[in-house]
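There are 2 protein chains.
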Amino acid sequence: MNEVKIKRVLISVSDKTGIIDLARKLLEYKCEIISTGGTRRILEEAGIRTTEISAVTGNPEAFGGRMKTISFAIESALLFDREKDKKEAQALGILPIDLVVCNLYPFQKKRTAGAELPELIENIDIGGPTMLRAAAKNYKWVATLTDIADYPGFLTELEQRQGKTSEEFRFELMRKTFNHTANYDSAIALAMDEKSSIKSQRLYFTNGTKLRYGENSHQEAYIYEDPSCSGSLAALECLHGKDISYNNILDIEAAVSAVSGFPQQAVAVVKHLNTCGFACGEKQHQVFEQAWSGDPVSAFGSIIAFNQKLTLQTVEFLQLNALDKSVRKFIEVIIAPDFDEKALSYLKFHKNLRIVRYDPARMQKEIEHRLVYGSLLQQTSDNRLLDKLEQVTISEQNDVDSELVEFGLCAVRNIRSNAIVIVQRTKDNICRLLGMGTGQPNRLISTKLAIDKARENLLREVTDIEIAEIFATCILVSDAYFPFADNIEIAAEKGIRIIVQPGGSLRDKAVIKRAEELGVQMILTGLRHFKH
Amino acid sequence: MNEVKIKRVLISVSDKTGIIDLARKLLEYKCEIISTGGTRRILEEAGIRTTEISAVTGNPEAFGGRMKTISFAIESALLFDREKDKKEAQALGILPIDLVVCNLYPFQKKRTAGAELPELIENIDIGGPTMLRAAAKNYKWVATLTDIADYPGFLTELEQRQGKTSEEFRFELMRKTFNHTANYDSAIALAMDEKSSIKSQRLYFTNGTKLRYGENSHQEAYIYEDPSCSGSLAALECLHGKDISYNNILDIEAAVSAVSGFPQQAVAVVKHLNTCGFACGEKQHQVFEQAWSGDPVSAFGSIIAFNQKLTLQTVEFLQLNALDKSVRKFIEVIIAPDFDEKALSYLKFHKNLRIVRYDPARMQKEIEHRLVYGSLLQQTSDNRLLDKLEQVTISEQNDVDSELVEFGLCAVRNIRSNAIVIVQRTKDNICRLLGMGTGQPNRLISTKLAIDKARENLLREVTDIEIAEIFATCILVSDAYFPFADNIEIAAEKGIRIIVQPGGSLRDKAVIKRAEELGVQMILTGLRHFKH
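Protein sequences appear in the order of chains L and U. Going by my numbering, 232 is the number at position 232 of the first sequence; the sequence numbering is gapless. Whatever position you read off the second sequence (first residue = 1), add 1000 for my numbering.
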């Protein structure tokens, strides 16, 4: 362990936060402090004696500050090999510098603030990266501090080692330094590309952790975190249960996205990234029961997301402590913004259940990225619900339950295309997904699937005869237009009376005409919701 | 347009390719060439007179080459503002340098070659990035050359402007320079993270082009290219037809991935990222017809991928020039490694059809990335097909058509979970997808969908009675295990006699027992193929 005593320090910082305290501490360790321009002024005003950089470089600070530190003397002092080059350094009169404290001109800040090119150019730091990179390269003897957040840890190290740093510690500072200069020049490169109307993306992820496996056990997998994002799925708080798996992450994203944005209680039951149960309303426990009722078979082993704090009354529906084990409702993941204490204790009856807390405010996506062969796809998220609610059938013009329509659109846009949903307002005033069809290359099959599931669900609650009555109050929502009237015919035959779709087919007229003939009220939204 | 005459040049390159020719040309423009160590030796040996860097810096090349260029003199010569700082530079005796030719120590090359830490550290260039960054910052007067590929363009510029460069040209060099230093420090940061067992990813994409829209018309979208990847989907060659859309890209990836790796002809028909038609065999036109037969309704408007050069005989099946317009088979995209000339002309009958050429050798993915909230998921691709073909039913132990099994596994792993396929070997010895079920939260529904589609397809070819006979020769393949025997019961009832699945359920025994009772031969592969 190569410990190095810090004797001579160079401080040149753009952001002066914490610099006086740091310098004071360094003085306690009898360090000589070399400093530049503005930094030096502040330190001297605080009564800290420093050596002017010019006294070391032998050159003036020149060209409006463009030349301050860069010099044979400074970079030699940082770069020379303390063993191999010792004599050469002595002969050249180079004294080692053991620590560089330097943060860079705030390029990214200026960029974000929309600075014009000349101001951006002035904020490209040249001397800073040179010093930091030179010192980092020579990390075996030299320490670098470029992040203010590292000052306290650095002082702890000095304290523990009586003014020295370990090689391990300096390696870590070096690693951070090169990440910092990489990020710095990435920001410059992106800004200059932008000025040239070249669109580039530099995505940086770190802290990759190994997942047990990928989508399948023969696939090795990792999850990495975007350090600039505070709501990272990689940093989810798992309060209980098994480790979160690769597939869990995908399902969690789908489930959380489904329940986001609802002012009322909303619950989504997700299997293979598709919402198979979904409800919203005032009372959480009722909403949960209705979400479950959308597909009570598939709900076993599902991922369930809530948009509000979970209560005991809600989770008791899972009957996790039932004596009859067969009635216990086992699920894979439950995710909510918070859990009241009793709810949490109750959920822990389920040993393997992953109980996950998330911050809904943070999980809003404006932009989505997708990686395909050698390429990055980017799109704005599908955050708009509808453009209009245009009644296009003349014979049927009843008022439509617009809240239920919007609920249906929220459901359908989170289900993979071709997607059809049937939604219902229950007697308890809860909007629920009664049945859905997904993933079919042919829309007609999705329609059939949605109707079959809705019937199956209702048959548990009412008689066959009552189903037609209920269907007449339900709304069928399609994620895209109907290319043919066959979908309408099937729906009408089963008793569906209200259909919502974006419209936009060449055959819209024929489809609408057929709806009219069949007594089906049709409403166009003007907005397609394909999801793949 | 601020044109600057190149009078004084600094050349210091690690990769010496093309440097002598470049220097000779610069001499023709009467440039003074300042040079360092190895570069200077090579130039002088070629009879090119140069100024030794030490004569400018006033310092020796020191510390085993760690200090060569960094100096007040050089960086001042690069950085000073030719207008504002003119007098100050004169007073300080600084002569401007107008061009830096510099490429950096080959850090990434050493890293790829598996160099140990000390060698990596020695290959971190300090002087080079300093010069390049200083010169680039001062691009209003100074030019930078860091990419050998830019030498010819640079010489053309000099020729056109009689030894001068335009500001526009220098801006472009500056932009490339900062991209270069960003990439350089990114490589260093990644290597140092790696040495610390920190897993990081820095993904760089450029040349973003706007797509007409995203998944839906209210979503704005771009596609970016990974400049290090030669098989980028962003750079696909579209020979004819409308622009490739966002959804086309996704479908193309799915379709190409489905047909990759087959030694025979393979064709995939894709809709909403799912394979709804799929076949392989010897004769391309037959294979295409059989792929189409998997879902002749959904095949309209689909994306179709081939793995071999397309012939006229094959594409004539589309009947694009049929007098009866209703029999013309319109599709969205046709993608193949190549097209014979007649096939291409024929396809062009279809005005809007996107005809796309791709290189199958390049589109192999070993690693897949997926972006979720603030995180990057990475997994090795699902490139393994099976671990075993274990016959687990005792009563039925007939030899199984292992090629057909593998075909079925290839099909099922490219279809979204829960996925079930039924595959058949036709009389013409073609393996085809006869029916598939996808995207269902409940496996049973996928099984039903696959059987229904297979029946529907067969009914176009044979009588109802013959279907059971054919089903007995088909293979049903599941992407994951069967949680219950109900799937087996339904399949057996319809006449399916061979089922392939990974196994691994707690209830495997019960499921296998039921298969035996029903006279169904069951084979376990040991490998699940979830796809989401």
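Positions of the beta carbon are idealized from the N, C-alpha and C atoms, including for glycine.
- Comparing alpha carbon positions, the residue from L/L22, L/C276, L/V333 and L/V500 closest to L/L524 is L/V500.
- According to DSSP, U/M1522 shares a beta bridge with U/I1499.
- Interface annotation, L/G374: in contact with chain U, CB-CB separation under 8 Å.
- Here L/P263 is exposed. Its C-beta has fewer than 16 other C-beta atoms within 10 Å.
- Not flagged as an interface residue toward chain U: L/T144, since no C-beta distance is shorter than 8 Å.
- When C-beta distances to chain U are compared with 7 Å, the residues of the segment 366-396 of chain L below that value are H369, R370, L371, V372, Y373, G374, S375, L376, L377, Q378, Q379, T380, D382 and R384, in chain order.
- Minimum Cα-Cα distance from L/G294 among the listed residues L/I303, L/R497 and L/V269 corresponds to L/V269.
- Counting only Cβ-Cβ distances below 8 Å, U/Q1201 has contacts in chain L at L203, Y204, F205, T206, G208 and Y224, in chain order.
- Sequence-ordered contacts of the segment 1127-1141 of chain U with chain L read G1127, P1129, T1130, R1133, A1134, A1136, K1137, N1138, Y1139 and K1140 [C-beta pairs closer than 9 Å].
- The beta carbon of L/E172 sits closer than 8 Å to some beta carbon of chain U.
- Shortest Cα-Cα distance from L/I467 to any of L/V477, L/K453 and L/D251 involves L/K453.
- At a cut-off of 8 Å, the C-beta of L/S35 has no neighbouring C-beta in chain U.
- Between the segment 1013-1022 of chain U and the segment 1129-1138 of chain U, the count of Cβ pairs shorter than 8 Å is below three; the stretches do not touch.
- When DSSP states are grouped into helix, strand and coil, L/H369 belongs to the strand group.
- Apart from the 5 residues on each side of it in sequence, L/E32 sits with its Cβ closer than 8 Å to the Cβ of K7, R8, V9 and T51 in its chain, given in chain order.
- The beta carbon of L/P441 sits closer than 8 Å to some beta carbon of chain U.
- Think of a sphere of 8 Å around the beta carbon of L/Q219: the chain U residues whose beta carbon falls inside it are Q1379, T1380, S1381 and D1382, in chain order.
- Taking L/L409 as reference, the option from L/T112, L/V259, L/Q162 and L/Q286 with the minimal CA-CA separation is L/V259.
- When DSSP states are grouped into helix, strand and coil, U/C1410 belongs to the helix group.
- At a cut-off of 8 Å between beta carbons, U/I1070 contacts chain L.
- Under the DSSP assignment, U/V1392 falls outside any beta strand (DSSP E); it carries neither an H nor an E label.
- If only uninterrupted beta strand (DSSP E) runs of at least 3 residues are considered, those enclosed by the segment 332-384 of chain L are 333-336, 354-357, 367-372 and 375-380.
- Of all residues in the segment 1259-1277 of chain U, only K1271, H1272, L1273, N1274 and C1276 come within less than 8 Å of chain L when Cβ atoms are compared, listed by chain position.
- Proximity of L/I124 to chain U, defined by a Cβ-Cβ separation below 8 Å, is satisfied.
- Contact residues of the segment 314-327 of chain L toward chain U are absent (C-beta to C-beta distance below 8 Å).
- Legend: CB atoms of the segment 80-102 of chain L lying less than 9 Å from CB atoms of chain U belong to residues F80, D81, K84, D85, E88, A89, L92 and I94.
- Around the C-beta of U/T1039, 16 or more other C-beta atoms lie within 10 Å, and the residue is accordingly described as buried.
- By the CB criterion at 8 Å, U/Y1246 and U/Y1224 fall outside the cutoff.
- DSSP places L/G38 in the uninterrupted alpha helix (DSSP H) bounded by G37 to E45.
- Residue-level contact check: L/S417 touches chain U, since one or more beta carbons of chain U fall below 8 Å from its beta carbon.
- If you draw a 10 Å sphere on the C-beta of L/P152, you find fewer than 16 other C-beta atoms in it, and that means exposed.
- Here L/H218 is not bridged, per DSSP, to any residue.
- Residue environment analysis places U/E1215 among the buried positions, since at least 16 neighbouring C-beta atoms fall within 10 angstroms of its C-beta.
- Contact between L/G519 and L/S395 holds: their C-beta atoms lie close to 7 Å from each other, under 8 Å.
- Judged by DSSP secondary structure, L/N248 falls within the alpha helix (DSSP H) whose first and last residues are Y246 to V259.
- One finds F1072 in chain U with Cβ atoms closer than 7 Å to the Cβ of L/N59, taken in chain order.
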